[in-house]
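Number of protein chains: 2
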Amino acid sequence: MLRLSHLTDYGVVLLSQLAQEAPALVTAPGLAASTGLPAPTVAKLLKVLTHAGLVSSHRGAAGGYTLARSPVCISVGEVIAAIDGPLALTACVEGAVEVCKVESSCPIRGRWSKVNAALKHALSEISIAELATPGSPVHDMPAASGVALSH
Amino acid sequence: MLRLSHLTDYGVVLLSQLAQEAPALVTAPGLAASTGLPAPTVAKLLKVLTHAGLVSSHRGAAGGYTLARSPVCISVGEVIAAIDGPLALTACVEGAVEVCKVESSCPIRGRWSKVNAALKHALSEISIAELATPGSPVHDMPAASGVALSH
DNA sequence: TTTAATCTGGACCGAAGCGGTACCCATTGG
DNA sequence: CCAATGGGTACCGCTTCGGTCCAGATTAAA
Ligand code: FES
Ligand code: FES
Numbered sequence: 010m011l012r013l014s015h016l017t018d019y020g021v022v023l024l025s026q027l028a029q030e031a032p033a034l035v036t037a038p039g040l041a042a043s044t045g046l047p048a049p050t051v052a053k054l055l056k057v058l059t060h061a062g063l064v065s066s067h068r069g070a071a072g073g074y075t076l077a078r079s080p081v082c083i084s085v086g087e088v089i090a091a092i093d094g095p096l097a098l099t100a101c102v103e104g105a106v107e108v109c110k111v112e113s114s115c116p117i118r119g120r121w122s123k124v125n126a127a128l129k130h131a132l133s134e135i136s137i138a139e140l141a142t143p144g145s146p147v148h149d150m151p152a153a154s155g156v157a158l159s160h
Numbered sequence: 010m011l012r013l014s015h016l017t018d019y020g021v022v023l024l025s026q027l028a029q030e031a032p033a034l035v036t037a038p039g040l041a042a043s044t045g046l047p048a049p050t051v052a053k054l055l056k057v058l059t060h061a062g063l064v065s066s067h068r069g070a071a072g073g074y075t076l077a078r079s080p081v082c083i084s085v086g087e088v089i090a091a092i093d094g095p096l097a098l099t100a101c102v103e104g105a106v107e108v109c110k111v112e113s114s115c116p117i118r119g120r121w122s123k124v125n126a127a128l129k130h131a132l133s134e135i136s137i138a139e140l141a142t143p144g145s146p147v148h149d150m151p152a153a154s155g156v157a158l159s160h
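These protein sequence lines are chains E and X, in that order.
The number in the numbering used here is simply the position in the first sequence, starting from 1, with 9 added.
The number in the numbering used here is simply the position in the second sequence, starting from 1, with 9 added.
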């Protein structure tokens, strides 16, 4: 139902926690403790986030993780793309690997890309810092419109 | 990977096709033929869309389906909500039924709702008509930002 | 009245993706 | 040399999704 995967959710949580713990070096078990997430999952996620260049790792004894950049420079979209893969709503969006089976006789051909771009843009406008800090809406989001999107 | 389900994709395709076939009454097998989608799936989807009030059904011989409203008044978000369920990115977004397991010690508590609202708004701004008609961008979408969202 | 076309609702099943776990290797500071 | 920590990979059970099928209700037309 257009949900984020659990891993992605937790990934954002981890980055927010790292943002709150200032420039300190935090270990994987430490993060698991402070967030309440299961330790093995945290470790797995940190590997992925490191590989994506969102966090910096320091190996060896007394090692740990830190944010690679300022939290205001990390967008939610980047985190989603790092863990869940590139944002491609359908098979027939520009950049998707697979091809749409019914592309020949489809009334909307490549026009899904417009929706995809809109979502990409919306996600790139929200930074980890906005999610980590209590106050600060920063962006004036016009209250989700009046159209009913819930059941 | 933040994909739309196949059914949802097809649902939008069906509505677009209905929008193109003017106010004509189209049968389920007819829609399957014109879109190239498997007939049983089309039938299943039309039931759901009817139940959601997006299409009108006419039973009996010479029956068929029609759009319930003008295609410009049907947003992509509505279609997604009708088929995939309400847009709730995570378990801890306002309106979600389940509760987040780590809500007590979570650095971003209910702040996911901001992201959710942004996506809802983006999806409610795009109508079926925009996807069904060849021209007309209508909305000035600022080219999906520069932030890399692909792998 | 009879017939045929069409929608309605529900049940069913196989396949794929996801979440979670475990294991062992590489690196580094003490 | 040793202990602590990250790095990588492989595995497995569960849930969900996509797709199919069938019996029943409804209505226009012959
Ligand atoms: S659904 Fe893929 S091209 Fe239309
Ligand atoms: S992830 Fe649910 S409250 Fe933070």
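C-beta: ideal position from N, C-alpha, C; glycine also.
Residue X:V124 holds the alpha-carbon nearest to the alpha-carbon of E134 of chain E among X:K110, X:V124, X:A141, X:V81. Under the Cβ criterion (8 Å, minimum of three pairs), the region 12-30 of chain X counts as touching the region 68-78 of chain X.
CA-CA distance, H67 of chain X to G104 of chain X, rounds to 34 Å. Counting along the chain, the unbroken alpha helix (DSSP H) around T44 of chain E starts and ends at 37-44. Closer than 7 Å to some heavy atom of ligand 2: that does not describe the Cβ of A91 of chain E.
Distances between the C-beta of R118 of chain X and the heavy atoms of ligand 2 include at least one below 7 Å. Residue range 85-93 is occupied by the alpha helix (DSSP H) that includes G86 of chain X. Within the region 88-104 of chain E, contact with chain X at the beta-carbon level (separation under 7 Å) is assigned to I89, A90, D93, G94, P95, L96, A97, L98, T99, G104. Comparing C-alpha distances from L23 of chain X to each of X:L40, X:R12, X:T36, X:L13 shows the shortest one belongs to X:L40. In this structure, the alpha-carbon of R118 of chain E lies about 13 Å from that of I137 of chain X.
In this structure, DSSP gives L58 of chain E a helical state, which the three-state scheme calls helix. Within chain X, not a single residue places a beta-carbon under 7 Å from that of A33 of chain E; the smallest gap is close to 14 Å. Distance from the C-beta of V51 of chain X to the nearest heavy atom of ligand 1 is not below 7 Å. Rounded to whole angstroms, the separation of the alpha carbons of V21 of chain E and V85 of chain E is 7 Å.
For C101 of chain X, the shortest C-beta to heavy atom distance toward ligand 2 is below 7 Å. Among the residues facing chain X, A48 of chain E is not included, as its CB has no counterpart in that chain under 8 Å away.
At a cut-off of 7 Å, the beta-carbon of E112 of chain E counts as near ligand 1: some heavy atom of the ligand is closer than that. Within the same chain, Cβ atoms closer than 6 Å to the Cβ of I89 of chain E are found at T17, the five residues on either side in sequence being excluded. Bridge pairing for G73 of chain E: E:H67 [DSSP].
Nearest to L55 of chain E by C-alpha distance, out of E:G69, E:A42, E:I92, E:T142, is E:I92. Residue environment for P95 of chain E: buried (at least 16 other C-beta atoms within 10 angstroms of its C-beta).
The C-alpha of T59 of chain E lies about 47 Å from the C-alpha of T59 of chain X. T44 of chain X reaches chain E at V111, S114, C115, P116, counting residues in chain order whose Cβ is nearer than 9 Å. When DSSP states are grouped into helix, strand and coil, S79 of chain E belongs to the coil group. Within the chosen limit of 7 Å, ligand 1 reaches the beta carbon of V22 of chain X through at least one heavy atom.
Counting every other CB atom within 10 Å of its CB across the protein chains shown gives R120 of chain X a total of 16 or more, marking it as buried.
V21 of chain E: member of the alpha helix (DSSP H) spanning 15-29, first to last residue.
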